[in-house]
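Below is one structure, written out as structure tokens; comments come after it.
Protein chains: 2
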Amino acid sequence: MPEARSPRWLCQNADMTESKPPEPHDHPEDVTQHVGYLLKRAQAALRGAMDKVLREHGLTVPQYATLELLALHPGMSNADLARATFVTRQSGNVVLRGLQEAGLIARPDTADHGRARPARLTEDGHARLAAVQTAVYAVEQRMVEAIPPKRMAALLTDLDHIAAALEE
Amino acid sequence: MPEARSPRWLCQNADMTESKPPEPHDHPEDVTQHVGYLLKRAQAALRGAMDKVLREHGLTVPQYATLELLALHPGMSNADLARATFVTRQSGNVVLRGLQEAGLIARPDTADHGRARPARLTEDGHARLAAVQTAVYAVEQRMVEAIPPKRMAALLTDLDHIAAALEE
DNA sequence: TCAGGCATGTCAAAGTCCTGACATAAAAAT
DNA sequence: ATTTTTATGTCAGGACTTTGACATGCCTGA
Numbered sequence: 352m353p354e355a356r357s358p359r360w361l362c363q364n365a366d367m368t369e370s371k372p373p374e375p376h377d378h379p380e381d382v383t384q385h386v387g388y389l390l391k392r393a394q395a396a397l398r399g400a401m402d403k404v405l406r407e408h409g410l411t412v413p414q415y416a417t418l419e420l421l422a423l424h425p426g427m428s429n430a431d432l433a434r435a436t437f438v439t440r441q442s443g444n445v446v447l448r449g450l451q452e453a454g455l456i457a458r459p460d461t462a463d464h465g466r467a468r469p470a471r472l473t474e475d476g477h478a479r480l481a482a483v484q485t486a487v488y489a490v491e492q493r494m495v496e497a498i499p500p501k502r503m504a505a506l507l508t509d510l511d512h513i514a515a516a517l518e519e
Numbered sequence: 352m353p354e355a356r357s358p359r360w361l362c363q364n365a366d367m368t369e370s371k372p373p374e375p376h377d378h379p380e381d382v383t384q385h386v387g388y389l390l391k392r393a394q395a396a397l398r399g400a401m402d403k404v405l406r407e408h409g410l411t412v413p414q415y416a417t418l419e420l421l422a423l424h425p426g427m428s429n430a431d432l433a434r435a436t437f438v439t440r441q442s443g444n445v446v447l448r449g450l451q452e453a454g455l456i457a458r459p460d461t462a463d464h465g466r467a468r469p470a471r472l473t474e475d476g477h478a479r480l481a482a483v484q485t486a487v488y489a490v491e492q493r494m495v496e497a498i499p500p501k502r503m504a505a506l507l508t509d510l511d512h513i514a515a516a517l518e519e
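Protein chains in written order, with our numbering: chain A, 352 to 519; chain B, 352 to 519.
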């Protein structure tokens, strides 16, 4: 018997009279069972947990993501980072500026090639990132432990395929 | 051989010199391979596709979600809907007000029990929802087709477990 | 060569959402 | 019965993000 996957916090004033028939896959009329809804739910939970952890270190989620990406790929430009963190260039710009004012990243005032100004972590940036990573990785660990190890690889590829299918 | 899962739009100015060693699971240093990142990527892609489709019908994503939930569970209150759509009560309130001004939902001016005012779809609300559903379900279909049917159930439960693990 | 296309960085305005706070009403605890 | 706790709706303020627009610098093709 499949256990109830519906969150039970929407049962307050609503009439839950009709019980869901099994309706195995394809198009269950219960929206909370759709892939999109579950995806959003998981992402919202992750966002909340990340926010909570990062706030103690004075960082926002996009700021942390930028730090992590710059540690892996030094020299990324604002546009690169914006695409990679799924925000607009404009938002990425304010993120970068905040990071720069905080002294965590540095980028040349003038671009030698094109207009892109490659950003890099400062000493403080590396230190701040290292300090945050333990806390963030603990959150990720909670996620990893929530799913059977055998299915991890499949989950990653499925998520990747979903993203690819929706990005055209 | 595992195909490259890294998006290649971050290879502009960054130095991609060091090639990632396989490092099967657990803690790959490439952040774009972490569960959290893939999750965010998939959700961002979904959000974008939904936005694009819903704009043609004059609805935002939270508004559509509210309509869908009200169709399934008439009588949900603002707080109920806010929780179910993963926004704050305040944001949920403006969503509901917009829907009410558009004549898609109706709720009593006075609460008979407590302060909660149960909301319901109007005739126009049902019609608008039906008009949008075909377009939205087409998007969902692209997602569903992107993953092997055998893994669908596992994916849903995995996403559910992830959300549950992060919500405490 | 040079004209168009394309990518990037940035500005201004608007929109969206959240945090913090308060008042009210039901439920629970004392 | 009174107090405390919890839940809801709402207001004001601010933080963040997006849309739209413009200027600049490569790059490709005629």
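We put the beta carbon where it would ideally sit given N, CA and C, even for glycine.
It should be emphasised that the depicted structure is a prediction, and the values quoted were computed from it without experimental measurement.
Check                                                                                                                                                                                 : Outcome
Would you verify that the beta carbon of G387(B) is, or is not, closer than 8 Å to some beta carbon of chain A?                                                                       : yes
With 16 as the cutoff for other CB atoms within 10 Å, does Q474(A) come out buried or exposed?                                                                                        : Per the sequence shown, the amino acid found at residue 474(A) is Glu instead of Gln. Exposed, since its Cβ has fewer than 16 Cβ neighbours within 10 Å.
Below 7 Å on C-beta distance, what does V495(A) contact in chain B?                                                                                                                   : V386
How close, in whole Å, do the beta carbons of V490(B) and M427(B) come, if the pair is a contact with beta carbons under 8 Å?                                                         : Rounded, the Cβ-Cβ distance is 24 Å, inconsistent with contact.
Please classify E518(A) as buried or exposed, where buried requires at least 16 other C-beta atoms within 10 Å of its C-beta.                                                         : exposed
Enumerate, from N- to C-terminal direction, the unbroken alpha helix (DSSP H) stretches of 4 or more residues contained entirely within the region 427–512 of chain A.                : 429–436, 440–452 and 474–497
Would V483(B) and Y415(B) be called neighbours here (beta carbons separated by less than 8 Å)?                                                                                        : yes
For chain B, check one thing: does any of its Cβ atoms lie closer than 8 Å to the Cβ of A516(A)?                                                                                      : yes
If you run the structure through DSSP and keep just helix, strand and coil, what is D381(A)?                                                                                          : coil
For a contact meaning CB atoms closer than 8 Å, what does E419(A) contact in chain B?                                                                                                 : V382
Could you name the residues of the same chain whose beta carbon sits closer than 8 Å to that of T436(A), not counting the 5 residues immediately before and after it, in chain order? : P413, A416, T417, L420, G443 and V446
Kindly indicate which three-state DSSP category T411(A) falls into: helix, strand or coil?                                                                                            : coil
Looking only at its chain, what residues have a beta carbon closer than 8 Å to the beta carbon of R406(A), apart from the 5 residues adjacent to it on each side?                     : none
When you compare each of R392(B), P379(B) and A422(B) to L510(A) by their alpha carbons, which one comes out closest?                                                                 : R392(B)
Note down, in chain order, each residue of its chain lying with its Cβ closer than 6 Å to the Cβ of R479(A), except the 5 sequence neighbours on either side.                         : L455
Could you compute how far the alpha carbon of A505(B) sits from the alpha carbon of V438(B)?                                                                                          : 27 Å
Could you have a look at E419(A) and say whether DSSP puts it in helix, strand or coil?                                                                                               : helix
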